[in-house]
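Under the working numbering, the first residue of the first sequence is numbered 186, with each subsequent residue one higher.
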Amino acid sequence: MSQVRVRFAPSPTGFLHIGGVRTALFNWLFARQQQGVFILRIEDTDQSRSTDESIQAILQGMKWVGLDWDEGPFRQTERMDLYRSHAMKLFETGHAYWCVCKAEELEARRKEAEAKGLSPRYDGRCRNLRITNPPGDAALRFKAPQEGQTVIDDLIKGKVVFDNTVVDDLIILRSNGYPTYNFSVVVDDALMGITHVVRGDDHLTNTPRQIPIFEALGFAVPRFGHLPMILGADKTRLSKRHGATSIMAYRDMGYLPEAMVNYLVRLGWSHGDQELFTRQELIDKFSWGHVQKSAAVFNPDKLLWMNAEYIKTSPPAQVAQALVPLLEQDGLKQEVEAVSGKWLAQLVVLVKERAKTLVEMVDWVRPYFGQGATFEVEAAKKFLTPTTAPLLQKLLTRFEVLPSFSKQVWEDSFKKLVEEEGIKMGALAQPVRVALTGRTASPGLFEVMEVLGRDRTLFRLRKGVERASLQ
RNA sequence: GUCCCCAUCGUCUAGCCUGGCCUAGGACAUUGCCCUUUCAAGGCAGUAACACGGGUUCAAAUCCCGUUGGGGACACCA
């Protein structure tokens, strides 16, 4: 069997959509598993909607989720000669003809047909005109077979049969000389040696239009696979009104690329009961047979859970690295530069169990930068009171005589004081928590002290006593 | 309207191809309990589904037909 060659072929008309990422992912996974080739092709033949910014967004998105391509990115606008020469070849072999119908006329006829309840197909009126010297604004149409059936043995849907009577003669070269999608795709897929065309199932009905073109051109027909769509909570096609759909928006919301990949693959594919997969496991275990045939509803809750799992289990240094840009955006650039990567990783370990996103993590981590704590007003009011001041002072006095920080020793010392005072843990823990972090919620106190270090712990305790004495 | 695809808990899904082991499993969400210095995390338990109707069969979530419902496509967009 020859080498697998697959492609991802987005059109650059906006940001990279998460549905697009999933399509790319399935192709990429299959290529990596089969030691095949993954090609990136930009379908920009619609010059009015394509933009360079979109191309950049696509490349950026692909890189962020770690989908590397082996060939490309190719741009269709750089391959115009290929489409034109193959179109002329079809004309010369009698598989295509010039059509002089005006776009407005076609539109009007389509509307008329629809109004009568007929299917809005091209009526084929130029088919037998045998125009050989077309006017400059003529379009070239493919002469589609009108009898028989086109059968697709789909990788995902299985056998799908279309009557050829339902496909009309589609335009392959517009009057401006640009190829249309259904034609340029065929030429590229054939010329690039694509063995498996895997795309969204919104393309399923395009397939019986494309197969006859492969055949007319004398090319081998690739295998096809049509992935089910991603839906919003209301079961309609996922769009902006369901929330963020741009892959980069998820980076900005604090999602880890590994979590996005895992979630997106699991949306429509499964391997028994397993939910979490490493990239390598995905490559090893992927199979078309377990790709779901039906559309799937995008569930932000499950994605959030999965992101939390990745935050908890990924190497802390890696999470810290992803966190840094968000920290800097949040105005902590100087503070971040002042600390070591090792300490940052330690910080991640401190809070990773409570942050479901990196954005949440920024908030959890903020109290540990800088010398002093910033007290939340309500927290200070409740716990740093004149009654707690002497208690805090006693703890401070005991800690001050300890030469260096030791979790065990400091915790013992703390508990001993609680015992001697005959108070509950919380009665001392909460004021200390507020003194150290400025907040009423934080990780375990002694883990906090460890991250803060002896000096800052004592400093903040002192400030806490001061604040408590004030009220 | 025509054509195509699809149908298991609220959601993602296992099971379906190769009927019986399904009293339908897992995960997210949700509810309760436990743990606990706070907030989380974690542990345990609970609620919750084979769309409907006909067949075939000793036996159907699984095979067949129909109905209903959902989605997609019908451009000189991709």
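C-beta: ideal position from N, C-alpha, C; glycine also.
Asked: Close beta carbons around lysine 470, own chain, < 6 Å, minus the five adjacent residues each side; Found: His456
Asked: Contained alpha helix (DSSP H) runs [length at least 4] in the region 400-488, N- to C-terminal order; Found: 432-437, 442-451 and 464-470
Asked: Spatial distance of glutamine 578 from glutamate 651 (CA atoms); Found: 9 Å
Asked: Any alpha helix (DSSP H) of 4 or more consecutive residues that is wholly inside the region 580-606; Found: 592-606
Asked: Span separating the alpha-carbon of leucine 412 from that of isoleucine 398; Found: 22 Å
Asked: Where isoleucine 316 falls, given that 16 or more other Cβ within 10 Å makes a residue buried; Found: exposed
Asked: Uninterrupted beta strand (DSSP E) stretches inside the region 262-329 (no shorter than 3 residues); Found: 281-284 and 324-327
Asked: Three-way DSSP call (helix, strand, coil) for proline 552 in this model; Found: helix
Asked: Reference aspartate 515, options Leu532, Val285 and Arg551, closest by Cα; Found: Arg551
Asked: Which residues DSSP lists as bridging threonine 392, in chain order; Found: For threonine 392, which the question treats as bridged, DSSP gives no partner whatsoever.
Asked: Where the alpha helix (DSSP H) through threonine 335 begins and ends; Found: Premise fails: threonine 335 lies in the beta strand (DSSP E), 334-339, not in any alpha helix (DSSP H).
Asked: Cα-Cα separation between valine 285 and glutamate 297, rounded to whole angstroms; Found: 19 Å
Asked: Sub-8 Å separation of glutamate 314 and phenylalanine 276 beta-carbons; Found: One point to set straight first is that residue 314 is leucine, not glutamate, in the sequence displayed. No, Cβ-Cβ distance for leucine 314 and phenylalanine 276 is not below 8 Å.
Asked: 8 Å contact criterion, which glutamate 228 and serine 196 should meet: CB distance rounded; Found: 4 Å
Asked: Backbone CA spacing between tyrosine 495 and threonine 463 [nearest angstrom]; Found: 10 Å
Asked: Per-residue burial, glycine 453 [other beta carbons within 10 Å of its own, 16 or more giving buried]; Found: buried
Asked: Residues of its chain near leucine 249, where Cβ-Cβ distance is below 8 Å and the 5 sequence neighbours each way are ignored; Found: Per the sequence shown, residue 249 should be read as tryptophan rather than leucine. Correct list, in chain order: Ile432, Met433, Arg436 and Pro442.
Asked: Inter-stretch contact at 8 Å, needing at least 3 Cβ pairs: the region 379-388 / the region 190-209; Found: yes
Asked: Euclidean distance between Cα positions of proline 616 and leucine 580; Found: 11 Å
Asked: Sufficient close CB pairs (3 or more, under 8 Å) joining the region 471-481 to the region 532-539; Found: no
Asked: Whole-angstrom distance between arginine 226 and glutamine 188, CA atom to CA atom; Found: 19 Å
Asked: Touch test, the region 589-596 against the region 633-641, Cβ-Cβ under 8 Å, three pairs minimum; Found: yes
Asked: Residue range of the unbroken alpha helix (DSSP H) whose run includes lysine 567; Found: 562-568
Asked: Residue range of the beta strand (DSSP E) that includes leucine 225; Found: 222-227
Asked: Residue from Phe599, Asp374, Arg426 and Gly474 whose Cα sits closest to the Cα of glutamine 261; Found: Asp374
Asked: Rounded separation between lysine 601 and leucine 423 - CA only; Found: 58 Å
Asked: Touch test, the region 231-247 against the region 504-514, Cβ-Cβ under 8 Å, three pairs minimum; Found: no
Asked: Alpha-carbon spacing of lysine 287 relative to asparagine 318, whole angstroms; Found: 17 Å
Asked: Cβ neighbours of glycine 638 in the same chain (closer than 6 Å, five flanking residues each side left out); Found: none
Asked: Which listed residue (Leu511, Arg618, Asp338 and Gly428) has its alpha carbon closest to that of valine 482; Found: Gly428
Asked: Burial state of alanine 293, where buried means 16 or more other Cβ atoms lie within 10 Å; Found: exposed
Asked: Where threonine 278 falls, given that 16 or more other Cβ within 10 Å makes a residue buried; Found: exposed
Asked: 8 Å contact criterion, which arginine 539 and methionine 377 should meet: CB distance rounded; Found: The Cβ separation is near 48 Å, so there is no contact.
Asked: Pick from Lys420, Gly309, Lys527 and Gly607 that is closest to aspartate 354, judged by C-alpha positions; Found: Gly309
Asked: Separation of proline 305 from proline 500, as counted between CA atoms; Found: 57 Å
Asked: Residue range of the unbroken beta strand (DSSP E) whose run includes valine 383; Found: 381-385
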